[in-house]
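Colleague: Provided herewith is a single structure, encoded as structure tokens, for subsequent inquiry.
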Amino acid sequence: MKVSDNTAISMPMRNLISIVITVAIGVWGYFGIVERVTRLETSDQLMSSDLLKKAEQTPKNLEIFMLIEELFKQTDKQQEALDKNIHTQIKLDHLEEQLTKALNDIEKIKDKVRKNGNSH
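Our numbering numbers the first residue of the sequence shown as 2 and each following residue consecutively.
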């Protein structure tokens, strides 16, 4: 069988039309997918460039962040000092209670000594 540009093919017209329509739908679908992928890639690149622009920190922002960090350090130091003072206050309160109790005990002992007639 010799095939050339003059070779005749006997095929029903219905089959030829269905083949052409199938190829057309396939080509249309392929280009639709390519268009969608291109659009998504472009959108991704635009978002990436916007994100990089927003992520850049100006010297003013860096200075603010340094000040905030310094304030946090100072706050931590003050909190530690406050915690120590709270413990000191608790110790002082406890010592005051013990001193009051000791004074009361001394007064009771003095009263007992006076009742026994051995006062000085």
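For every residue, glycine included, the Cβ atom is placed at its ideal position computed from N, Cα and C. Computed from a predicted model, the values in this text were never measured in an experiment.
1) Along the alpha helix (DSSP H) that carries residue 23, what are the first and last residues, could you check?
2) Can you name, in chain order, every residue of its own chain whose Cβ lies under 6 Å from the Cβ of residue 65, other than the five neighbours on each side?
3) For residue 114, which of helix, strand or coil comes out of DSSP?
4) Within the same chain, show all residues whose beta-carbon is closer than 6 Å to that of residue 90, passing over the 5 residues directly before and after it, in chain order.
5) DSSP on residue 87, reduced to helix/strand/coil?
Modeller: The structure says:
1) Judged by DSSP secondary structure, residue 23 falls within the alpha helix (DSSP H) whose first and last residues are 14-56.
2) Counting only residues of its own chain and dropping the five nearest sequence neighbours on each side, residue 65 has no CB closer than 6 Å to any other CB.
3) Looking at residue 114 - three-state DSSP - the assignment turns out to be helix.
4) Contacts found: none.
5) Here residue 87 sits in helix by DSSP.
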